[in-house]
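All you need for our numbering is the position in the sequence shown, starting with 1, plus 8. For every residue, glycine included, the Cβ atom is placed at its ideal position computed from N, Cα and C. The structure presented is a predicted model; accordingly, all values stated were derived computationally and were not measured. Notes follow the structure.
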Amino acid sequence: MRTLRPLLGAAVALATVLVVAPTPAGAAAPAAPYTAMSVEGRDTYVLDPSDATVILSENSPNRLTYSAFQSVAPEHMFSGIISPPTGQALAAGMTFPTLHTPDATHGELNMGVDGYGCDEENGLVTIRELTRDPGTQAVTA
Numbered sequence: 009m010r011t012l013r014p015l016l017g018a019a020v021a022l023a024t025v026l027v028v029a030p031t032p033a034g035a036a037a038p039a040a041p042y043t044a045m046s047v048e049g050r051d052t053y054v055l056d057p058s059d060a061t062v063i064l065s066e067n068s069p070n071r072l073t074y075s076a077f078q079s080v081a082p083e084h085m086f087s088g089i090i091s092p093p094t095g096q097a098l099a100a101g102m103t104f105p106t107l108h109t110p111d112a113t114h115g116e117l118n119m120g121v122d123g124y125g126c127d128e129e130n131g132l133v134t135i136r137e138l139t140r141d142p143g144t145q146a147v148t149a
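Here is the structure:
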């Protein structure tokens, strides 16, 4: 864990990007697991769609809970929560700074590896694209 914690901390401190691919009009939503998250940190480590699978286990207008693993190291599971600043809903085009506990100007970023969490998850979340089911508001793409 001594190796993983600094890597995760660096990744969170530098940038976190959630990108959900668009779905053509009338097309069925993509089936989980999604390959939709990029976490960039040290030059030696990147978790991105080319080598990772992301599984959404909870989603609502104001929160995404996810699990992710790399194809080259599937025994290591990344997990966490992303939520917007208090009183806002996740939406395409939004970018917000994060803290462990959200407030009016900071969203929540809570990350862990193999069941171990980090005490500080300062970073930046950018949502490039996001599609929701009109009835349930669940993320579909």
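With contact defined as three or more Cβ pairs closer than 8 Å, the stretch 88–107 and the stretch 132–144 are in contact. A straight-line Cα-Cα distance of about 8 Å links E83 and F77.
By a beta-carbon distance limit of 8 Å, S75 contacts S87. Their separation comes to about 5 Å. About 6 Å separates the CB atoms of P93 and A112; that is less than 8 Å, so the two are in contact. Here DSSP, grouped into helix, strand and coil, assigns N70 to coil. Measuring C-alpha to C-alpha distances from L72 to each of C126, G101, G125 and G115 identifies G115 as the nearest. Secondary structure of V121 (DSSP, three-state): strand. Annotation: V80 to I89 spans about 23 Å, alpha carbon to alpha carbon. Rounded to the nearest whole angstrom, the CA to CA distance from L98 to A146 is 11 Å. For A60, the number of other beta carbons within 10 angstroms of its own is at least 16, and it is reported as buried. For secondary structure counted as the beta strand (DSSP E) over 3 or more consecutive residues, the stretch 84–111 holds these complete runs in sequence order: 103–107. For Q145, the secondary structure class from DSSP, reduced to helix, strand or coil, is coil.
A straight line joining the alpha-carbon of R140 with that of Y124 spans about 31 Å.
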